[in-house]
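Quick note on numbering: the sequence shown equals residues 9 to 417 in the numbering used here. In this text, a Cβ means the ideal position worked out from N, Cα and C, and glycines have one as well. Treat the numbers as computed from the prediction; the structure is a model and nothing was measured. A short worksheet on the structure shown next.
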Amino acid sequence: MEKPTPTTASMPDEWCLRHFDHLSPELAATMPETMARMRELCPVAHSEEHGGFWITTRYEEALAVAQDWEVFSSAHGLGISSAPTVVRNLPVQADPPEQRVFKRLINPFFTPAAVAPWERATRDLAGRLIDGFIEAGSCEFMDDFARPFPSLTFFQLAINAPAEDLEKVAYLASKSSTPDDPQARECWLGLRDWISDFTRRRRGEPSRGDVVDAVVNAEIDGRPITEEEVIGTVQLLILGGLETTAGALGLMFDRFCAQPEIPALLRARPELIPAASLELLRLEPSFVAVGRTAMRDTELGGRRIKEGDKVLIHWASANRDSGEFENADIFDLGRERNRHLSFGAGPHRCAGSNLARLNLRVALEELLKRLDDIKLQEGATVSYHRGLTRSPDTLPIAFTPGPRLASGS
9 MEKPTPTTAS
19 MPDEWCLRHF
29 DHLSPELAAT
39 MPETMARMRE
49 LCPVAHSEEH
59 GGFWITTRYE
69 EALAVAQDWE
79 VFSSAHGLGI
89 SSAPTVVRNL
99 PVQADPPEQR
109 VFKRLINPFF
119 TPAAVAPWER
129 ATRDLAGRLI
139 DGFIEAGSCE
149 FMDDFARPFP
159 SLTFFQLAIN
169 APAEDLEKVA
179 YLASKSSTPD
189 DPQARECWLG
199 LRDWISDFTR
209 RRRGEPSRGD
219 VVDAVVNAEI
229 DGRPITEEEV
239 IGTVQLLILG
249 GLETTAGALG
259 LMFDRFCAQP
269 EIPALLRARP
279 ELIPAASLEL
289 LRLEPSFVAV
299 GRTAMRDTEL
309 GGRRIKEGDK
319 VLIHWASANR
329 DSGEFENADI
339 FDLGRERNRH
349 LSFGAGPHRC
359 AGSNLARLNL
369 RVALEELLKR
379 LDDIKLQEGA
389 TVSYHRGLTR
399 SPDTLPIAFT
409 PGPRLASGS
């Protein structure tokens with residue numbers, strides 16, 4: 009299926025070659041076209057913005073940087089220019105062997121077997137949210153479904169946090185992860201304080217056997233985990249659980265509005281939804297890019313990288329590299345392999361990917377079963393969150409009104 013001709017062109021060549029800025033709203037609006045031009049002009053480009061940094065745009069170099077943690081470190085921050093976190097996110101802001109200790113701590117709670125029992129409650133939640141707007145025949149999809157759905161499932165099922173705190177925490181997470189937001193540091197502080205209070209309460213409660221219990225009671229190399237390590241680990245879980253899946257759902261429905269043949273196909277053949285969600289993630293990942301720091305002089309794509317240089321891995325661009333994916337800009341369920349990088353790669357590959365896949369599959373199954381003729385509301389335009397993640401800021405959609413279902417399914 010061909011994507012409709014874009015209404016916006018790529019950014020100018022001079023911008024691509026010298027002034028690339030991952031925080032630019034113009035890039036967020038023209039990302040597929042601009043990154044295609046970047047791959048063509050200079051697969052490993054250097055930008056003069058934010059003190060200077062490199063950008064990898066092709067699959068080969070992106071994967072090489074992600075896998076080589078000894079040369080390209082995560083321990084010196086994941087951003088190029090951003091408000092520094094008050095507490096480092098663990099395990100992603102650590103290199104092996106320290107990184108492996110914290111990854112092993114959280115991994116058992118997000119295996120396919122661990123998240124499978126959550127499907128019934130996840131499906132019921134999706135049904136209740138859809139009941140809230142289906143009779144109207146329209147909704148603001150980001151506010152009415154994309155954001156609350158994964159956030160509530162994560163809060164209620166993964167970390168057993170009070171649902172009444174969700175709105176506050178979601179606000180803090182969103183603001184703190186927007187690099188140039190003037191309230192970013194204040195929101196990092198607020199997020200830290202909430203996590204500190206939450207984990208302190210949990211220590212005084214009976215064990216629930218969840219990831220929070222595992223974190224607060226952990227031993228790291230034979231010593232009790234520190235307060236800062238507890239906060240940093242839970243902080244990363246929250247940022248991943250509340251932001252990326254919401255963005256992925258928004259980008260999927262943005263595409264559905266532009267290509268109605270895709271939801272029509274999936275409505276008729278729901279067994280294709282798992283494969284379709286992976287292909288949609290490849291085309292429009294919400295986790296767009298991440299930074300690394302070169303630990304020694306090296307070469308990348310024929311360019312000389314110096315010790316201390318910042319390197320931005322552009323996952324979204326790598327996912328559309330024609331050297332790895334034939335007809336890379338096309339939604340194609342017939343791909344023999346789909347080694348997309350939407351969950352990252354290397355030691356820092358997303359620990360919550362199984363939960364994300366469950367949420368996306370259930371959401372698409374329930375939404376497409378009940379929403380027909382999905383389109384943007386008349387006169388609506390879509391702007392996008394910018395930075396290391398990407399999602400529609402708002403997505404006002406219309407569809408054929410339907411009945412509420414008392415069962416929520």
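Which residues in the same chain as residue i place their Cβ atom closer than 6 Å to its Cβ, once the five residues preceding and following it in sequence are excluded?
i: residue 332; result: 67
i: residue 409; result: 143, 145
i: residue 359; result: 114, 115, 118
Check each candidate in the options and name the one with the smallest Cα separation from residue i.
i: residue 394; options: 193, 189, 60; result: 189
i: residue 246; options: 155, 31, 58; result: 155
i: residue 57; options: 40, 88, 345, 76; result: 88
i: residue 75; options: 125, 406, 357; result: 357
i: residue 342; options: 132, 126, 282; result: 282
i: residue 288; options: 299, 267, 300; result: 267
i: residue 391; options: 35, 17, 23, 21; result: 35
i: residue 368; options: 194, 22, 261; result: 261
i: residue 418; options: 401, 44, 195, 359; result: A question about residue 418 goes unanswered here, because the residues of the chain that appear run from 9 up to 417.
i: residue 269; options: 114, 383, 33; result: 383
i: residue 119; options: 388, 362, 401, 263; result: 362
i: residue 72; options: 404, 360, 352; result: 352
Is the separation between the beta-carbon of residue i and that of residue j shorter than 8 Å?
i: residue 252; j: residue 184; result: no
i: residue 318; j: residue 61; result: yes
i: residue 224; j: residue 168; result: no
i: residue 162; j: residue 249; result: yes
i: residue 386; j: residue 278; result: no
i: residue 243; j: residue 97; result: yes
i: residue 30; j: residue 349; result: no
i: residue 412; j: residue 151; result: no
i: residue 171; j: residue 157; result: no
i: residue 130; j: residue 366; result: yes
i: residue 258; j: residue 399; result: yes
i: residue 236; j: residue 109; result: no
In the DSSP assignment, the beta strand (DSSP E) including residue i goes from what residue to what residue?
i: residue 23; result: Careful: residue 23 lies outside any beta strand (DSSP E), inside the alpha helix (DSSP H) at 21-26.
i: residue 347; result: Counting along the chain, residue 347 falls outside any beta strand (DSSP E), and DSSP gives it neither H nor E.
Please classify residue i as buried or exposed, where buried requires at least 16 other C-beta atoms within 10 Å of its C-beta.
i: residue 397; result: buried
i: residue 42; result: buried
i: residue 284; result: buried
i: residue 159; result: buried
i: residue 215; result: exposed
i: residue 137; result: buried
i: residue 344; result: exposed
i: residue 24; result: buried
Can you give me the Cβ contacts of residue i inside the same chain, cut-off strictly under 7 Å, excluding the 5 residues immediately before and after it?
i: residue 69; result: 51, 52, 308, 309
i: residue 79; result: 302, 303, 304, 306
Please return the same chain residues whose Cβ sits closer than 8 Å to the Cβ of residue i, not counting the five positions on each side in sequence.
i: residue 101; result: 82, 83, 85, 86, 93, 240
i: residue 347; result: 332
Go to residue i, then tell me how far its alpha helix (DSSP H) extends in each direction, as first and last residue.
i: residue 241; result: 235-247
i: residue 130; result: 127-139
i: residue 61; result: Note, residue 61: premise wrong, no alpha helix (DSSP H); beta strand (DSSP E) at 61-64.
i: residue 255; result: 253-266
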